Amino acid sequence: MIHSRAIVLTQQYVSELYNFGNVTNLLDGMMETVIGFGSRSVVYAQGKKPVARMLCREYTALAPCQIARERFRERTTSDGSTTVVARLVLNRMPDAVQLLYRVSFMYVRTLNGLRVSGIHIVRDAQHEST
């Protein structure tokens with residue numbers, strides 16, 4: 087199956103974040119005005135470095151963890167922006183607790199290619215016990 091550039095980028099960003107805690111490539115792909123919402127609704131950040139710090143805190147709260155399953159869906163709007171939603175099953179070590187997350191990456195097309203304009207992380211705790 088051939089994936090779009092947005093899905094390929096999202097797969098890379100998600101893998102680096104949740105498997106290794108690395109946000110370097112994601113930081114390079116963000117717009118200066120990026121906004122990020124963490125898994126707790128009161129946590130958000132605006133700007134590249136604050137969003138990167140927020141993502142590192144998100145990872146630290148889960149570490150160590152590994153992606154057990156992932157599924158990606160893409161939607162492009164009429165104004166040309168693209169959203170990729172990643173549905174993740176994370177295994178939190180060492181007790182192997184499975185956590186369900188939905189991470190949305192919002193992209194805009196620029197002269198330099200796709201840039202991340204927003205990130206929204208949601209923990210799907212309602213479905214974890216099913």
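According to the working numbering, the sequence shown holds residues 87 to 216 in order. In this text, a Cβ means the ideal position worked out from N, Cα and C, and glycines have one as well. Values in this document were obtained by computation on a predicted structure and should not be read as measured data.
Between which two residues does the beta strand (DSSP E) containing residue i stretch?
{"i": "residue 203", "result": "199 to 209"}
{"i": "residue 192", "result": "183 to 196"}
Would you call the CB atoms of residue i and residue j closer than 7 Å?
{"i": "residue 185", "j": "residue 156", "result": "no"}
{"i": "residue 203", "j": "residue 120", "result": "yes"}
{"i": "residue 125", "j": "residue 209", "result": "yes"}
{"i": "residue 169", "j": "residue 192", "result": "yes"}
{"i": "residue 100", "j": "residue 182", "result": "no"}
{"i": "residue 205", "j": "residue 115", "result": "no"}
{"i": "residue 131", "j": "residue 117", "result": "no"}
Would you mind reading off the limits of the alpha helix (DSSP H) that contains residue i?
{"i": "residue 112", "result": "110 to 114"}
{"i": "residue 101", "result": "91 to 101"}
Using C-beta distances below 7 Å, list every residue in its chain close to residue i, excluding the 5 sequence neighbours before and after it, in chain order.
{"i": "residue 105", "result": "152 and 153"}
{"i": "residue 98", "result": "111"}
{"i": "residue 113", "result": "134 and 138"}
{"i": "residue 95", "result": "115 and 200"}
Leaving out the 5 sequence neighbours to the left and right, which residues in its chain are closer than 8 Å to residue i when beta-carbon positions are compared?
{"i": "residue 93", "result": "158, 160 and 170"}
{"i": "residue 167", "result": "192, 193, 194, 195 and 203"}
{"i": "residue 91", "result": "199 and 200"}
{"i": "residue 107", "result": "142, 145, 146 and 149"}
Legend entry - Sequence ranges, beta strand (DSSP E) only - wholly within the stretch 125 to 168, length at least 3: 130 to 132 and 151 to 162
Legend entry - the stretch 145 to 154 in contact with the stretch 177 to 193 per 3-pair CB rule at 8 Å: yes
Legend entry - At least three beta-carbon pairs within less than 8 Å, the stretch 122 to 137 to the stretch 154 to 168: Between the stretch 122 to 137 and the stretch 154 to 168, the count of C-beta pairs closer than 8 Å stays below three; the two stretches do not touch.
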